[in-house]
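One structure below.
Residue numbers (the numbering used here): 6 to 310.
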């Protein structure tokens, strides 16, 4: 096993999605209390220009539920299912993000079984999460900007600039990692906020020049280097010993997502990946300890919301 930084980082996926409602302040606080190197979160931009934390570009019926309209007779209500870009922060704040639900026609969901419901939890802003992380100290924000190839270039620029402004305001620019499947985001991040590390996300469905800023998907490691990304982050199904070796040969760390089974965590550790993104940071900590690898310290200064 060869790790570029001598260890394997623990990244809490959407906070600790398997244990607390995803992309919420309680979820991030719980991940910090368990002990993680980074919290991964997803962001979008509201109609009034506020960076909010939510996985999908539209409010998801799995993770959010409507309550009441922000004003009586609001023609956009109900809000769930609408794009964040069409809603104001006030409208987004009305939804309950504390209870996970099954998708229509779905029989089960592992996170429904293991996640502690916290009714009444609202979607946070990126600024609020940054405030939490500043209390935590050394934990890195891994911020995924949710776009797709259908976005115009000027909207990409506006989005990256808005995220950069929030990070700068909270003094987190240098420690932040900006993640994207749409690699145009990384190109803009290099131009607008070069201090932040850029993470090239890739999955099977995005192995296409339309997603990779026009670069060839034939060798994603070489493409990420050509883009001047600082980290390659493939989905777990794409990770092989050869991919890790090739990336390391180019000085590129590998962060793999999303890994929740102990045996697979062990396999990827033995491949030499540099970070593992998981919905269950508690499980990953146990596996890392079994290898005698160092663990991030739990944070005792963050209040559990």
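By construction, the Cβ of each residue, glycine as well, lies at the ideal position given by its N, Cα and C atoms.
Q: Report the residue from 278, 302 and 266 whose alpha carbon sits nearest the alpha carbon of residue 246.
A: The residue given as residue 246 occupies position 241 in the chain shown. Relative to the Cα of residue 246, the nearest Cα in the group 278, 302 and 266 belongs to 278.
(Q) So, with DSSP's three-state summary, where would you put residue 200? (A) Here residue 200 refers to the residue found at position 195 of the chain shown. DSSP places residue 200 in coil when its eight states are reduced to three.
(Q) Suppose contacts are defined by Cβ-Cβ distances below 8 Å. Is residue 102 in contact with residue 139 by that definition? (A) For the purposes of this step, residue 102 is taken as residue 97 along the chain shown, with counting starting at 1. For the purposes of this step, residue 139 is taken as residue 134 along the chain shown, with counting starting at 1. With respect to residue 139, residue 102 sits apart: the two C-beta atoms are not nearer than 8 Å.
Q: Going by CA-CA distance only, name the one from 244, 235 and 183 that's closest to residue 209.
A: Position 204 of the chain shown, counted from the first residue, corresponds to residue 209. Considering only alpha carbons, the answer is 244.
(Q) residue 296 and residue 274 - do their beta-carbons sit closer together than 8 Å? (A) Reading the chain shown from its first residue, position 269 is the one you call residue 274. Reading the chain shown from its first residue, position 291 is the one you call residue 296. Cβ atoms of residue 274 and residue 296: closer than 8 Å.
Q.
What does DSSP give as the partner residue(s) for residue 260 in the beta ladder?
A. As a position in the chain shown, residue 260 is number 255, starting the count at 1. In the DSSP output, where bridge partners are listed per residue, residue 260 has 280.
Q) What are the start and end residues of the beta strand (DSSP E) that includes residue 238? A) Residue numbering aside, residue 238 sits at position 233 when the chain shown is read from its first letter. DSSP places residue 238 in the uninterrupted beta strand (DSSP E) bounded by 236 to 239.
Q | Separation of residue 185 from residue 169, as counted between CA atoms | A | Stepping through the chain shown from its first residue, residue 169 is reached at position 164. Stepping through the chain shown from its first residue, residue 185 is reached at position 180. Distance between the alpha carbons of residue 169 and residue 185: 14 Å.
Q: Using three-state DSSP, classify residue 17 as helix, strand or coil.
A: Here residue 17 refers to the residue found at position 12 of the chain shown. DSSP places residue 17 in strand when its eight states are reduced to three.
Q.
For residue 188 and residue 221, I'd like the C-alpha separation in whole angstroms.
A. Numbered from its first residue, the chain shown carries residue 188 at position 183. Numbered from its first residue, the chain shown carries residue 221 at position 216. Each residue's Cα considered, the two are about 12 Å apart.
Q. Buried or exposed: residue 28, going by 16 or more other Cβ atoms within 10 Å of its Cβ?
A. On the chain shown, position 23 is the one that residue 28 refers to. Answer is buried; the Cβ neighbour count reaches 16.
Q) Could you give the C-beta distance for residue 194 and residue 238, rounded to a whole number, given that I count them as a contact under 8 Å? A) Numbered from 1 along the chain shown, position 189 holds the residue referred to as residue 194. Numbered from 1 along the chain shown, position 233 holds the residue referred to as residue 238. Wrong, their Cβ atoms sit about 14 Å apart, outside the cutoff.
Q) Near residue 253, what residues of its chain come up, given a Cβ to Cβ distance below 8 Å and the 5 sequence neighbours on each side ignored? A) One-based indexing of the chain shown puts residue 253 at position 248. Contacts found: 7, 9, 259 and 277.
(Q) Below 8 Å on the Cβ atoms is my contact criterion, and I expect residue 303 with residue 39 to pass it. Report the Cβ-Cβ distance as a whole number of Å. (A) Residue numbering aside, residue 303 sits at position 298 when the chain shown is read from its first letter. Residue numbering aside, residue 39 sits at position 34 when the chain shown is read from its first letter. About 6 Å; that satisfies the 8 Å criterion.
Q.
Can you check which of these residues, 50, 37, 144 and 223, is closest to residue 131 by C-alpha distance?
A. As a first step, residue 131 must be located in the chain shown, where it is residue number 126. Selected option, being the one with the closest Cα: 50.
Q. Count the other CB atoms within 10 Å of the CB of residue 242; is the residue buried (16 or more) or exposed (fewer)?
A. As a working note, residue 242 is residue 237 in the chain shown. By the C-beta density criterion, residue 242 is exposed, having fewer than 16 other C-beta atoms within 10 angstroms.
Q | the region 50 to 63 touching the region 80 to 93, judged by at least three CB pairs closer than 8 Å | A | With contact defined as three or more Cβ pairs closer than 8 Å, the region 50 to 63 and the region 80 to 93 are in contact.
**Q.** Nearest-angstrom Cβ-Cβ length linking residue 179 and residue 149, presumed shorter than 8 Å
**A.** Position 174 of the chain shown holds residue 179. Position 144 of the chain shown holds residue 149. Contact doesn't hold; Cβ gap of about 19 Å is too wide.
Q. Between residue 167 and residue 174, what straight-line distance do the alpha-carbon atoms span, to the nearest angstrom?
A. Walking along the chain shown from the start, residue 167 turns up at place 162. Walking along the chain shown from the start, residue 174 turns up at place 169. One C-alpha to the other measures close to 11 Å.
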